[in-house]
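Order-wise, the sequence lines are chains A and B. For reference, each letter of the first sequence is one residue, going 1 to 206 in the UniProt record's numbering. For reference, each letter of the second sequence is one residue, going 1 to 206 in the UniProt record's numbering. Below you'll find the structure, written out as structure tokens, and then a few comments.
There are 2 protein chains.
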Amino acid sequence: MLTLYDYLDSGNGYKVRLLLALLGRDYRLVALDIDKGETRTAEFLAKNPNGRVPALELEDGTVLPESNAILYYLAQGSPYWPSDALDQAQVLRWMFFEQYSHEPNVATPRYWLRHGLATEARKPQLEEKQAQGRAALQVVEDHLASREFMVAGRYTIADIALYAYTHVADQGGIPLKPYPAIAAWLERVRAQPGHIAMDAVADTPV
Amino acid sequence: MLTLYDYLDSGNGYKVRLLLALLGRDYRLVALDIDKGETRTAEFLAKNPNGRVPALELEDGTVLPESNAILYYLAQGSPYWPSDALDQAQVLRWMFFEQYSHEPNVATPRYWLRHGLATEARKPQLEEKQAQGRAALQVVEDHLASREFMVAGRYTIADIALYAYTHVADQGGIPLKPYPAIAAWLERVRAQPGHIAMDAVADTPV
């Protein structure tokens, strides 16, 4: 059985849990607490030397880190990964955009605000990140203004990757009100058969 | 013919130029100057709304941004993209690692130092990034200590993605001396048939 090492408030982890639910795949969940240093133990660093969750352990013991690489692996042969090479590249284009331009500016403010790290000294950096987060959301908004989903007219792992932290952007001080196309897309994502919420916990946590 | 919108000092652009050279593909190069705002013009934003280079324009006018998504697209059917699904996922794992943990901490200090942006006010942020850059390089060092290349025992786009900014890390104040496995791997990458240097300019710049 697959084992997912995860932190339950992580949007990156939620991406994987969401796809596993959509695919109806069983897995064992090992919940680690970032605040308690549980992703920096020697045991976990042996699994992912970069000390980050999520990381997916396969039946043979191979460990695959990086949420979007995990999505790629799990989505092979499913409707969530398109068959056309250019569509595939556009899916990855939005997943790299998510990790470079979106996540560090939308997820990090949320993490700082929820973990008491938004100190006075960090305020300029927080505000710079929030501004860049709004810029990233505007790129997504403009793209979705004329589209139902990010790529190929249907729900793919590009949508899953971007949904994870976009739908909780307000928790990082970035309200979604200025982005009506994003709001409509969030509803389309939530309406997908098999959708689960970010705080839905698996049946068999360890 | 393919058109590559690029900034010639960009490691992200170099990734694409390197793969195009390895593949022996002809292309038209449009060199844009970031410092002059040439990636923020209405004309370029119509091609890549995120206002970043590189971006690859295909024969039919489709534009594909994000260096690592471009590598994926160009490498299909070539020896630089493995055929096994798990190897593919591990290639992407290192490419996402590159964009999230490596590039912002290895490339950004280099950019700041080369463009007069390493101000006194930015010094703490610069030093934090350099520390995180060293941590990212240590992860690569440990991985390469027992391997010739990043994934599947051979040269793939994971190596190309990581080579681009690693080999000029010292220009961002991160000397490579503490990383002997990386140094040996840099030599193996340079020894690949068709390799070009970062400052090799295409024959037909516009």
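Just so you know, even glycine gets a beta-carbon here, dropped at the ideal spot from N, CA and C. Keep in mind that this is a model prediction, so the values were computed, not measured.
How about residue i: is its Cβ closer than 7 angstroms to a heavy atom in the ligand PLP?
i: A/Ile174; result: No copy of the ligand PLP occurs in the structure displayed, which carries no ligand at all.
Let me know if residue i comes out buried or exposed under the rule of 16 or more other beta-carbons within 10 Å of its beta-carbon.
i: A/Leu137; result: buried
i: A/Phe93; result: In the sequence as presented, Phe is not what sits at residue 93 of chain A; that position holds Arg. The residue in question, A/Arg93, is buried, as its Cβ has 16 or more Cβ neighbours within 10 Å.
i: B/Ser146; result: exposed
i: B/Asp9; result: buried
i: A/Thr166; result: buried
i: B/Gly194; result: exposed
i: B/Val201; result: exposed
i: A/Met1; result: exposed
i: B/Gly24; result: exposed
i: B/Gly116; result: exposed
i: A/Glu120; result: exposed
i: A/Asp159; result: buried
i: B/Lys177; result: exposed
i: A/Pro54; result: buried
i: A/Gly61; result: exposed
i: A/Glu103; result: buried
i: A/Ala191; result: exposed
i: A/Gly133; result: buried
i: B/Ser67; result: buried
i: A/Pro65; result: buried
i: B/Gly11; result: buried
i: A/Ala164; result: buried
i: B/Lys36; result: exposed
i: A/Ser101; result: buried
i: B/Ala184; result: exposed
i: A/Ala85; result: exposed
Using DSSP's beta-bridge definition, name the partner residues of residue i.
i: A/Leu4; result: A/Leu29, A/Leu56
i: A/Val63; result: A/Glu57
i: A/Val151; result: A/Arg154
So, under 8 angstroms CB-CB, residue i and residue j are touching, yes? Tell me the CB distance rounded to an integer number of Å.
i: B/Thr41; j: B/Arg52; result: At roughly 13 angstroms, the Cβ-Cβ gap does not stay under 8 angstroms, so B/Thr41 and B/Arg52 are not in contact.
i: B/Val16; j: B/Leu56; result: 7 angstroms
i: A/Leu45; j: A/Tyr7; result: That belief does not hold up - the Cβ atoms of A/Leu45 and A/Tyr7 are roughly 15 angstroms apart, past 8 angstroms.
i: B/Tyr73; j: A/Ala89; result: 4 angstroms
i: A/Ala21; j: A/Ile182; result: The pair is not a contact, with the Cβ atoms about 22 angstroms apart (cut-off 8 angstroms).
i: B/Glu128; j: B/Arg188; result: The Cβ separation is near 31 angstroms, so there is no contact.
i: B/Asn105; j: A/Phe97; result: No, B/Asn105 and A/Phe97 are not in contact; Cβ-Cβ is about 19 angstroms, not under 8 angstroms.
i: A/Leu71; j: A/Leu19; result: 6 angstroms
i: A/Leu162; j: A/Val140; result: 6 angstroms
i: A/Met198; j: A/Tyr14; result: 5 angstroms
i: B/Gln99; j: A/Gln130; result: With a Cβ gap of about 21 angstroms, B/Gln99 and A/Gln130 do not count as contacting.
Indicate whether at least one CB of chain C lies closer than 8 angstroms to the CB of residue i.
i: B/Ala184; result: The structure shown contains no chain C; its protein chains are A and B.
Practice prompt. Check whether the segment 149-158 of chain B touches the segment 67-82 of chain B, counting contact only when three or more Cβ pairs, one atom from each stretch, lie closer than 8 angstroms.
Written response: Yes, they touch.
Fill in: Touching by the beta-carbon criterion (3+ pairs, under 8 angstroms), the segment 169-182 of chain B and the segment 101-117 of chain B
Judged by Cβ distances under 8 angstroms, the segment 169-182 of chain B makes contact with the segment 101-117 of chain B, as three or more pairs qualify.
Worksheet item: Looking at C-beta atoms only, is the number of pairs between the segment 117-124 of chain A and the segment 24-31 of chain A that lie closer than 8 angstroms three or more?
Response: As far as the Cβ criterion goes, the segment 117-124 of chain A does not touch the segment 24-31 of chain A, which means the pair count is below three.
Discussion item. Threshold first: 4 residues or longer. Then list the alpha helix (DSSP H) segments lying entirely within the segment 93-174 of chain B, N to C.
Written reply: Fully enclosed alpha helix (DSSP H) runs of 4 or longer: 103-114, 123-144, 157-166.
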